[in-house]
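Engineer: Chains as they are written, first to last, in our numbering: chain H, 2 to 435; chain L, 2 to 435.
Note that beta-carbon positions come from the ideal geometry of N, C-alpha and C, so glycine has one too.
Number of protein chains: 2
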Amino acid sequence: MTKAFTVPEAARAARQASYALAASSAAQRNEALRILSELLREKSGAVFAANAADVKAAEAAGLAAPALARLRFDGHKLEDVCRGAEALSRMEDPIGRVQIHRELAEGLVLTRLSCPIGVVGVIFESRPDALVQIGSLCLKSGNCVLLKGGSEALNTNRALFAVLEEAGRRAGLPDGWTALLETREDVGALLSMDEDVDLLIPRGSGAFVRYIMEHTKIPVLGHSEGVCHLYLDAGCDAGEAARLAVDAKTQYVSACNTIETLLWHRESEQAVLAAAGALRDAGVRLLCDGATQKLLAEAGIACEAAEEADWRTEYLALTLSLKCVGSLEEAIAHINRYGSHHTDAIVTGDDGAWRRFAALVDSAGVYRNCSTRFADGYRYGFGAEVGISTGRLHARGPMGLEGLCSYKYLLEGHGDTVGDFAEGRRSFTHKELR
Amino acid sequence: MTKAFTVPEAARAARQASYALAASSAAQRNEALRILSELLREKSGAVFAANAADVKAAEAAGLAAPALARLRFDGHKLEDVCRGAEALSRMEDPIGRVQIHRELAEGLVLTRLSCPIGVVGVIFESRPDALVQIGSLCLKSGNCVLLKGGSEALNTNRALFAVLEEAGRRAGLPDGWTALLETREDVGALLSMDEDVDLLIPRGSGAFVRYIMEHTKIPVLGHSEGVCHLYLDAGCDAGEAARLAVDAKTQYVSACNTIETLLWHRESEQAVLAAAGALRDAGVRLLCDGATQKLLAEAGIACEAAEEADWRTEYLALTLSLKCVGSLEEAIAHINRYGSHHTDAIVTGDDGAWRRFAALVDSAGVYRNCSTRFADGYRYGFGAEVGISTGRLHARGPMGLEGLCSYKYLLEGHGDTVGDFAEGRRSFTHKELR
């Protein structure tokens, strides 16, 4: 913790602040986002200095190059998070939206209004820009947020958090609406705060997310795995298959929306050969079932044998499993059985096959003729995302402002009693008022 | 179980059936609802005979009169559930609704469609009509459902379930879309089926719901307690206060939306005296804080002292706690601290006080000048409800067809890769298509 308070104190303070933050005006929250952007630019020197210390320590500790790239917070990343906060400040208020407006009976009116969830805990990876993005999304949606970033980014996170807190203070937001947790022990304490924390969003490896899910009574949104598929349908275009396979596997190999398995219909030999060749050229290791191994070997494409466990494995590396199926139905059954219900794509020119695939594949994202890598809040036009959910409840897929909202029912009457209705003196009209 | 299958088998069969049921047409599901209604009327003799056996056994076991009344399934209740199924068959399909339709980039179109949650487990009380209502709601929303009713209603539930299953079969719905669980052991087995069951909805006592929540990894929707409040604001109308207090406490004493605590502003003495007098006349036991006890004693209204624990107690009986507060803010703080975030009401003529109460009370239902007993899916115009949620995620308050739906994102392109966007060759348009 940056201050002399414990996690339970921070969670209780956030709960207290949550009522006032939920009642704050859009103008006030938008002002806080604008101040956040201004202050970040103003105090960029301190942030960059803190980041330089984190990067130096990480280099000394031998952190790998991709991780170092994520840790680095430079002028480009600063510009991105500032523009993100400004864009959010101009977006429509997600809070106080009328979702239902209905006369239940004469003089008795029901209104359902969107409202913040309340207190959210987000545990994110060693990318310091995530702190500002998540903080901005929670601020816009009126949610109090307890933030825990990667330990490698501690100094950068402290500097960015100080700016976030200061922006809230200058805009008159309630004290305690956000807090920075710093240690593994803090996370352990957070998991037991089910009275004061309404939702946890862990981002990170599947094993980490599963650990969180199994050690708390707080609802958890996230994806414990991203086992995504690309299926090459009978007679699909070979060039398109190769282009999409390479993008979906290699464009950003450690992302959850990267494919781990390529399925191909036995009547799409040309397509799988084109895809496998292009993937090999891109340095991808290919693990195959018998039929695929035979086909690739005949074509002189290097590959190895897959095992049953491969169909469930999220490699997060330049490795891909490949399997031949006899029908569209077999592909769908494989995806529903072994997949993680994240994002799965079909390459097909056949509208009927697409309709069947779309109806029967049980995933948050079901795609046709495009890369699974599009599964992302920014690309969907949500501005940003706090995470991607593979659960079916509340939020499914990329979770932006809408996923950070709940709702409440207001009912306004004139002394109305249920007894009058139960005993037949009055009756319901159920008339929509908008 | 009515058949020779185990709960894991039933859950796996429901998961398999869930894909086909999600892809079924509205016409087919509506036809199943119409057949259900016809068959129930046709086979009412068998249902009534089964119910007579249950009632006879319950009488012999000395079941209390209100419980017996709930167990009894007569011509009126049959008519109600038949009309309910027919009404659902005429309602708009909740599945396949377009929630987002957006061009992400030229030729790349995102569509968000509502879809069923998948497999739902509902554990309900000894009211056999609940089986038909829940089965109908799940059928309409394309959800597979595992049903567990009260053991006192076993024969009636078997007879009703046979009709539900037969209706599905005649309409061509996939086998295994529903199953009847019968024993406490079945419930234990159900709790461990987190791979194949997407949501549990337990209905019943707070202790029971908490037990379920603590013994499963499956998401649970429900309310573990219904500690609802009525707050009499300064200067509110005494007649209205008395009428609403009596309805909210006594109209159906064992319901979750019944009030357990009456709060009154110290400047609403006439109102609390009128309410307390009317409640005593209705046979309600009054447990009071010091100020209230003093006022009522002076007026000759019988009452007792409340303890700290009373503010958190759901009596589900003709007992009410009463407390005097110094301000609207104190009332709101009491409700947020001791309440269960279910439904809380204010009696006030002051629009400013109502706006503050509505903004700051953190409950699924926030009411003005009407009884908390209106918190109910039927009264809200949802047709019926599977339960009432006091959680903030997914569904809050009465949960009808909408609460039984999730959504999925479909993305259709023409060979689109993320690489083209990352490397600046293409850019997002994010244009709404409706």
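Which residues in chain L have a C-beta closer than 9 Å to the C-beta of H:Val1? List them in chain order.
Structural biologist: Any property of residue 1 of chain H remains undetermined from this structure, which presents chain H solely from 2 to 435.
Engineer: Shorter than 8 Å, the distance from the beta carbon of L:Leu263 to the closest heavy atom of the ligand FAD, or not?
Structural biologist: With respect to the ligand FAD, the structure offers nothing, as it holds no ligand at all.
Engineer: At which residue ranges does the stretch 373 to 425 of chain L contain complete beta strand (DSSP E) runs of 3 or more residues, listed in the order of the chain?
Structural biologist: Fully enclosed beta strand (DSSP E) runs of 3 or longer: 388 to 390, 398 to 400 and 406 to 417.
Engineer: If we cut at 9 Å on Cβ distances, does L:Lys141 have a partner in chain H?
Structural biologist: Output row for L:Lys141: interface = no.
Engineer: Of all Cβ atoms in chain L, is any one closer than 9 Å to the Cβ of H:Ala23?
Structural biologist: Judged by the 9 Å Cβ criterion, H:Ala23 is in contact with chain L.
Engineer: So L:Val121 and L:Val146 are in contact, right, with Cβ under 8 Å, and what is the actual spacing, rounded?
Structural biologist: Their Cβ separation, rounded to whole angstroms, is 5 Å, which keeps L:Val121 and L:Val146 in contact under 8 Å.
Engineer: Let's test the definition: count the other Cβ atoms within 10 Å of the Cβ of L:Glu386 and tell me whether it reaches 16, buried, or not, exposed.
Structural biologist: With 16 or more Cβ atoms within 10 Å of its Cβ, L:Glu386 is classed as buried.
Engineer: Taking a contact to mean a Cβ-Cβ separation below 9 Å, would you say H:Leu233 touches H:Trp265 in this structure?
Structural biologist: Yes, these two residues count as a Cβ contact at 9 Å.
Engineer: Compare the C-alpha of H:Ile389 against each of H:Ala163, H:Phe125, H:Ala27 and H:Gly46 and name the closest.
Structural biologist: Among H:Ala163, H:Phe125, H:Ala27 and H:Gly46, the Cα nearest to that of H:Ile389 belongs to H:Phe125.
Engineer: Counting only beta-carbon separations shorter than 9 Å, does H:Val419 have a partner in chain L?
Structural biologist: Yes, its Cβ sits closer than 9 Å to a Cβ of chain L.
Engineer: For H:Cys304 versus H:Leu317, is the C-beta distance shorter than 9 Å?
Structural biologist: Cβ atoms of H:Cys304 and H:Leu317: not closer than 9 Å.
Engineer: Looking only at its own chain, which residues have a Cβ that is under 8 Å from the Cβ of H:Cys1, when we skip the five neighbours before and after it?
Structural biologist: Because residue 1 of chain H is not part of the residues shown, which for chain H are 2 to 435, the question remains open.
Engineer: For H:Lys324, which of helix, strand or coil comes out of DSSP?
Structural biologist: Note: H:Lys324 maps to strand in three-state DSSP.
Engineer: Hey, quick one: how far does the alpha helix (DSSP H) through L:Asp130 stretch, first residue to last?
Structural biologist: Pro129 to Lys141 is the extent of the alpha helix (DSSP H) around L:Asp130.
Engineer: Under three-state DSSP, which class holds L:Ser115?
Structural biologist: If DSSP states are grouped into helix, strand and coil, L:Ser115 belongs with the strands.
Engineer: Check distances from the C-beta atoms of the stretch 379 to 400 of chain L to those of chain H and list, in chain order, the residues that come in under 9 Å.
Structural biologist: So the close ones are Tyr379, Arg380, Tyr381, Gly382, Gly392, Arg393, Leu394, His395, Ala396, Arg397, Gly398 and Pro399.
Engineer: Please classify H:Asn370: does DSSP put it in a helix, a strand, or coil?
Structural biologist: Three-state DSSP puts H:Asn370 in a strand.
Engineer: Let me make sure I understand the geometry here. Which of H:Arg356, H:Phe422 and H:Leu105 has the alpha-carbon closest to that of H:Tyr410?
Structural biologist: Comparing Cα positions, the closest option is H:Leu105.
Engineer: Quick one: list the residues of chain H neighbouring L:His431, beta-carbon separation under 7 Å, in chain order.
Structural biologist: Those are Gly382, listed as they occur along chain H.
Engineer: Can you grab the Cα-Cα spacing for the pair L:Arg443 / L:Gly189, in whole Å?
Structural biologist: The question about residue 443 of chain L has no answer, for chain L in this structure spans 2 to 435.
Engineer: Which residues mark the beginning and the end of the beta strand (DSSP E) in which H:Arg281 is found?
Structural biologist: Counting along the chain, H:Arg281 falls outside any beta strand (DSSP E), though it belongs to the alpha helix (DSSP H) covering Glu270 to Asp282.
Engineer: Going along chain H, which residues have a C-beta under 7 Å from L:Leu245?
Structural biologist: The contacting residues are Gly416 and Thr418.
Engineer: Thinking just about the alpha-carbon of each residue, which of L:Gln17, L:Ala51, L:Ser428 and L:Leu41 is nearest to the one in L:Glu153?
Structural biologist: For L:Glu153, the nearest C-alpha among the options comes from L:Ala51.
Engineer: Using only alpha-carbon positions, find the residue among L:Arg16, L:Cys229, L:Val110 and L:Tyr253 that is nearest to L:Phe429.
Structural biologist: Comparing Cα positions, the closest option is L:Val110.
Engineer: Listing by chain order, which chain H residues have their CB less than 8 Å from the CB of L:Pro220?
Structural biologist: Those are Pro220, Gly392 and Leu394, listed as they occur along chain H.
Engineer: Residues of chain L with CB under 9 Å from H:Asp199, in chain order?
Structural biologist: Ordered by position in chain L, the residues that pass the 9 Å Cβ test against H:Asp199 are Gly392, Arg393 and Leu394.
Engineer: Compute the Euclidean distance between the alpha carbons of H:Asp195 and H:Leu132, then round it to the nearest angstrom.
Structural biologist: Between H:Asp195 and H:Leu132, the C-alpha separation is close to 23 Å.
Engineer: Along chain H, which residues have their Cβ under 7 Å away from the Cβ of L:Asn144?
Structural biologist: Residues of chain H passing the Cβ test: none, with the nearest at roughly 10 Å.
Engineer: In chain order, what residues of the same chain have a beta carbon less than 8 Å from the beta carbon of H:Gln100, not counting five sequence neighbours either side?
Structural biologist: Arg113, Leu114, Ser115 and Tyr408.
Engineer: Just to confirm before moving on: does the CB-CB distance between H:Leu394 and L:Pro203 stay below 9 Å?
Structural biologist: Contact: no.
Engineer: Starting from the beta carbon of H:Ser152, find every residue of chain L whose beta carbon is closer than 8 Å, and list them in chain order.
Structural biologist: Per Cβ cutoff of 8 Å: no residues; H:Ser152 is ~28 Å from chain L at best.
Engineer: Tell me where the alpha helix (DSSP H) around L:Pro67 begins and ends.
Structural biologist: Counting along the chain, the alpha helix (DSSP H) containing L:Pro67 begins and ends at Ala66 to Leu72.
Engineer: By the DSSP assignment, the beta strand (DSSP E) with H:Asp351 in it spans what residues?
Structural biologist: Unbroken run through H:Asp351: none, as it is neither H nor E.
Engineer: Taking just the CA atoms, how far does L:Val164 sit from L:Thr3?
Structural biologist: Residue confidence for L:Thr3 is low, a pLDDT of 48 falling below 50, so the modelled location carries little weight; the figure read from the coordinates is stated next. Looking at the two C-alpha atoms, the distance is approximately 13 Å.
Engineer: Is L:Gly240 close to chain H? Criterion is C-beta to C-beta, closer than 9 Å.
Structural biologist: L:Gly240 counts as touching chain H.
Engineer: Check L:Phe17 in the structure and name its three-state DSSP category.
Structural biologist: Note that residue 17 of chain L is Gln in the sequence shown here, rather than Phe. Note: L:Gln17 maps to helix in three-state DSSP.
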